[in-house]
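Undergrad:
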Amino acid sequence: MRLIPLLVSASALALSTVLTSTAFAEDKTITIESWRSDDLEIWQNKIIPAFEAKHPGIKVKFTPSAPTEYNAVLNSKLEAGTAGDIITCRPFDASLTLYEKGHLAEIQDLENMSHFSSVAKSGWSTDDGAKSFCVPMASVIHGYIYNKDAFDALGLSVPKNEAELFAALDKLKADGNYTPMAMGTNDQWEAATMGYHNIAPNYYKGEEGRLALIKGEQKLTDEAWVAPFRQLAKWKDYLGDGFEAQTYSDSQNLFTLGRAALYPAGSWEITGFNKQAEFKMGAFPPPVQKDGDECYISDHTDIGIGMNAKGNNLEAAKTFLNWTGTAEFAELYANALPGFFPLSDHKVNLEDPLAQEFISWRGKCKSTIRPTYQILSRGKPNLENESWNASVNVIKGKETPEEAAKRLQDGLASWYKPQQ
Amino acid sequence: MQHKRQKTKPKIRWHILVFLAPALIIYTLFMIYPLAGTMELSLFTSQNNKDVFIGLDNFKTLFSDERWAKDFWNALLNNTWFFLIHMLVQNPIGILLAALLSAPALRFKTFYRTSIFIPTILSFVIVGFAWKLILSNLWGIAPSLMDIVGLKSFFQPWLGREATALTTLSLISVWQFVGIPMMLIYAALLSIPDEIIEAAELDGLKGMSQFWKIKLPLILPSIGIISILTFVGNFNAFDLIYTTQGALAGPDFSTDILGTFMFRTFFGFQLQQGDPNMGATIASIMFFIILIGVSAYLFFVQRRLQRYQM
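From first to last, the protein sequence lines are chains V and G.
In case it helps, the working numbering puts the first sequence at residues 1 to 420.
In case it helps, the working numbering puts the second sequence at residues 1 to 310.
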C-alpha cells in the first residue's frame, strides 16, 4: 500500500511545477471573470487592446461564464483559489458577501475612485459607505422599446400616461398585425425585471419609496406597491398566444423579427436589437399614471469591477482597475456597449441614438435603483427571487395583485426586523 | 507435514491488493470521500463566516420550517411523479419495443434499434433545446403538425403551464431514454435459448400467450434491474429540468425536483446566496431516499425473483 503516498507526492510535484512555471512568466497576465459572455468580442477587440497599448507588460484575458451560473461558478472558484485576478461584480449583497469573506480587495484608495458619486458606489460599498470593493462600471435603464414602423402605420404616438399606453395596446391588438407586447413568463425574471421593476418606480416615487421600505415605513402591501401589480395583471391580454411558454430569447426574436410592437426593455438590449432589427426603433420611459405626475426611472447600478484579494498579480490588477475609472474607459465602454451607461462624472459622448434617448431620461425623470436589491434580499425567502414568481403569477392571473403583495410582505417580514 | 504447515506464516497475497487498488482508490477518492464530505457539511452551519457544528438541526429545519418543508415536499412529490411516469410509460414501451424487435419476421431491425437508441447518447442540452423549439408555439413544428391533422385546438403551451409542464418534461425524458430498457430487455430476450421457445411451440404456445407465459417470466430479473436503474436515475435527475426550465424550475416551481432544489440551495441563484450546508442536507436526503429505495428493492424484490437456469 505504498502506492498512495507515492501517487500523492508525484501529483504534488507535478502541481508545484505548473505553479512555479506560471509564476515566472515574463508578461503579467491577468484574467477577468465575468458573466457578460455577450461582450467577449468587445473586450477582446476594443477594450483590452486599448489597455494593453498603454500598459506594456500586462496581458489581459477575458473569460466569461454563463450569466445564470456566474455567481455559483465564481463562488466555488474563489473558495478553491482558482478564480481570475479581476472579478466582475454583481451589485449589492452578492459582492458584499465576497468582500466580507475576504475574496474582494478594498479599493477605495484608488486614485480614480474620486470620479464616482456615493450613489454610484453604493452598490459596492459596505452599508456605512466607508469601504468600497468594486469600481462602478455601468448602470442599465428600464423603459419600453417600440417598433416605430408599427406605431407609424397605425398612427400611434408615444404614450405619455397609462391610459394612452393601454389605448395604444388596444389599437395594436385590434389591428392584429402585431403581437402588442413581446414578453413571456417561461424564464420568470423578465416579469419582475422588465415588468414590475420597470413600471413600479412611478407609483412608489423612486428613492423615496425604496428607502421608506428599507426603513420599514412602507409595506409591500401599501397601495403604491400593489398598484404596479394591478397594471401587470392587465398585461396578460396583450402578450402573444402561449406567452406562458415563451422564453426570453423568444421575446427578443419576436420583437426584432418585427412581429411585436412593444418590448418592455432594459437598456442592455440596445446592442443586440440594433444588430437584429431591420425596422426603426424608438424608446420611451414607463408612462406616468396621469399627465403632470413626476416621472421616475429605474437606473440600476448593474456592473462593477473589482479584484481578487488573493490573486497572483495584485499590482497589475490594481493598474487595470484604476484604468477602468478613467474617461478613456468610460467612453470606450459606453460606445462599445450602448445601453450600459457609465456611472463616473466624465463627459461621455454617446453615438447611438437609442442609447441617447435612454440616457436623456436622466435629465427629465428621477433615477432610482431596483427596490429589492439593497439589503432587502439578504434573508430567506429572498425578496428578489420571490418577486419573479409573484410577478409571473400576477400576469398569468394565478394570484391577485393583493395576494402576491401579501405573500411578498409576509416573506420579507419573516426575517427583516424593520418590517416586523 | 501437518506440523510444518502450521508453523509457516500465511503468505500475504499482494496481488489481491494490487488488483483491487485502482478501483478502490478511485472509488474512495471520487465517491466515498465526497459523499462523507457532503454528510459532514450537512451537520454544520455558517455563522460569521465560521462553520459551527449544529448536529441534525439542518434536517430539522428542512422538515419543520414552513418554507423549507413546503419546497422540499413539493420537490419530492414532483420527483415521485417524474419517476412514476418513467415506470408507467418508459419501461412498458421499452419492453414492447424489445418484444417487437425480437420478432423474427421484422425487417430493418438494426435501423429501428439504432434510431430508437440514438437519443440516449444525445446531450440533455440538445434534447431540452430541441423539444423546447418543437413545442414552442411561436416557431415550433408541433402546432403546425397538429394543424395538418386538425388537432390545432388541442395545442397548448405545455411547458409553460403548471398543470402540464412536469408531465411534458417527463415524457421528453422518456423519449430520450426509452432506448435503455429496450436494449436491456432485447438482450435478455435474445439470451432465451431457442430450445425453450421450440418446446413451448410444440406445446401449442404461440404469439402473445408465449410472450406472457414463457418470455416475460424469463426476463423479469432484467425488468427489476431496469426499475432500479430508473429509480436511481430519476431521483438524481437534474439536467433536463435545469436546461429547459432553469434553476427556478418554473412555472411556479411546478417542475422542481430534488436535484434542482438542491442546486438552487447549494449554489444560490441570482440574488439568493448559496447555502452549502442546507444544500448538503438536501443532497444527504436524496442519498438516503435512493439508499432506502435500493435496499427495499434488494431485500423484498430481488431475493424473491425466481431465476431460471437457461
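Using N, Cα and C, we set each Cβ at its ideal position, and we do this for glycine too.
Computed from a prediction, not measured in an experiment: that's the story for all the values here.
Write down every uninterrupted run of the beta strand (DSSP E) in the stretch 151-195 of chain V whose length is 3 residues or greater and which is fully enclosed by it, in chain order.
TA: 179-181
Undergrad: Applying a beta-carbon distance threshold of less than 8 Å, which residues of chain V neighbour D252/G?
TA: N389, V392, N393 and K398
Undergrad: Taking the alpha-carbon positions, what's the R107/G to D194/G distance?
TA: Linking R107/G to D194/G through their CA atoms gives a straight-line distance of about 20 Å.
Undergrad: Would you be able to state if there are at least three C-beta pairs under 8 Å between the stretch 136-150 of chain V and the stretch 274-281 of chain V?
TA: yes
Undergrad: Do you know offhand how far K11/G's Cα is from A36/G's?
TA: 34 Å
Undergrad: Using beta carbons (cut-off 8 Å, strictly below), is I4/V in contact with chain G?
TA: Caution applies to I4/V, whose pLDDT of 46 falls short of 50 and renders its modelled position unreliable; the value that the coordinates give is listed next. So yes, I4/V belongs to the interface.
Undergrad: From G379/V to E328/V, what distance separates their C-alpha atoms?
TA: 39 Å
Undergrad: Kindly provide the ranges of any beta strand (DSSP E) runs that are 3 or more residues long and lie completely inside the stretch 77-127 of chain V, ordered along the chain.
TA: 86-89
Undergrad: Could you tell me which chain V residues have their CB closer than 7 Å to the CB of P157/G, listed as they occur along the chain?
TA: G242, E244 and A245
Undergrad: Pairing CB atoms from the stretch 132-143 of chain G with CB atoms from the stretch 67-80 of chain G, are three or more of them under 8 Å?
TA: no
Undergrad: Within 10 angstroms of its Cβ, does E79/V collect 16 or more other Cβ (buried), or is it exposed?
TA: exposed
Undergrad: Three Cβ pairs or more, each shorter than 8 Å: is that satisfied between the stretch 345-355 of chain V and the stretch 102-122 of chain V?
TA: The stretch 102-122 of chain V and the stretch 345-355 of chain V touch, with three or more beta-carbon pairs separated by less than 8 Å.
Undergrad: Could one say the Cβ of A187/G lies closer than 8 Å to chain V's Cβ atoms, at least one of them?
TA: no
Undergrad: Relative to the C-alpha of N277/G, which candidate in A249/G, F211/G and S46/G has its C-alpha closest?
TA: S46/G
Undergrad: If you measure from the beta carbon of S377/V to each beta carbon in chain G, is any gap under 8 Å?
TA: Yes, S377/V lies at the interface with chain G (some Cβ there is under 8 Å from its Cβ).
Undergrad: Taking a cut of 8 Å between CB atoms, which residues from the stretch 117-138 of chain G lie near chain V?
TA: K132, L135, S136, N137 and L138
Undergrad: Is the Cβ-Cβ distance between P286/V and G195/V less than 8 Å?
TA: no
Undergrad: Could you say if the stretch 186-193 of chain V and the stretch 347-361 of chain V meet the contact criterion of at least three C-beta pairs nearer than 8 Å?
TA: no
Undergrad: With F53/G as the anchor, note down where its beta strand (DSSP E) starts and where it stops.
TA: F53/G -> beta strand (DSSP E) spans K50 to F53.
Undergrad: Over what stretch of residues does the alpha helix (DSSP H) that includes N236/G continue unbroken?
TA: Looking at the DSSP string, N236/G is not in any alpha helix (DSSP H), and its letter there is neither H nor E.
Undergrad: Taking only the alpha-carbon atoms, compute the straight-line gap between A168/V and Q252/V and give it to the nearest angstrom.
TA: 21 Å
Undergrad: If you draw a straight line from the C-alpha of D27/V to the C-alpha of K59/V, how long is it?
TA: Rounded to whole angstroms, D27/V to K59/V spans 7 Å at the Cα level.
Undergrad: So what's K131/V in DSSP terms, helix, strand or just coil?
TA: coil
Undergrad: Using CA atoms only, rank isn't needed, just tell me which of N75/V, I199/V, G325/V and Y70/V is closest to R230/V.
TA: I199/V
Undergrad: Any C-beta of chain V sitting closer than 8 Å to the C-beta of R67/G?
TA: yes
Undergrad: P91/V to V140/V, Cα distance in whole Å?
TA: 12 Å
Undergrad: Would you mind working out which of Y373/V, D299/V and L408/V sits nearest G363/V, comparing C-alpha positions?
TA: In this structure, D299/V is the residue among Y373/V, D299/V and L408/V with its C-alpha nearest to the C-alpha of G363/V.
Undergrad: Enumerated in chain order, which unbroken segments of the alpha helix (DSSP H) with a length of 4 residues or greater are wholly contained in the stretch 133-167 of chain G?
TA: 141-148
Undergrad: Please report the residue range of the beta strand (DSSP E) in which V60/V lies.
TA: I58 to P64
Undergrad: May I ask which residues mark the beginning and end of the beta strand (DSSP E) holding D57/G?
TA: Segment D57 to S64 is the alpha helix (DSSP H) holding D57/G; no beta strand (DSSP E) there.
Undergrad: Hey, is A404/V's beta-carbon within less than 8 Å of any beta-carbon in chain G?
TA: no
Undergrad: How big is the Cα-Cα spacing for T61/G and K417/V?
TA: Separation of T61/G and K417/V (C-alpha to C-alpha, rounded to the nearest whole angstrom) is 21 Å.
Undergrad: Assign K50/G to one of two classes, buried (16 or more other C-beta atoms within 10 Å of its C-beta) or exposed (fewer than that).
TA: If you draw a 10 Å sphere on the C-beta of K50/G, you find fewer than 16 other C-beta atoms in it, and that means exposed.
Undergrad: Name the two residues that bound the continuous beta strand (DSSP E) containing L262/V.
TA: A260 to G266
Undergrad: Less than 8 Å between CB atoms is the rule here; does L218/G satisfy it with respect to chain V?
TA: no
Undergrad: Determine, using beta carbons only, whether L159/G and T168/G come nearer to each other than 8 Å.
TA: yes
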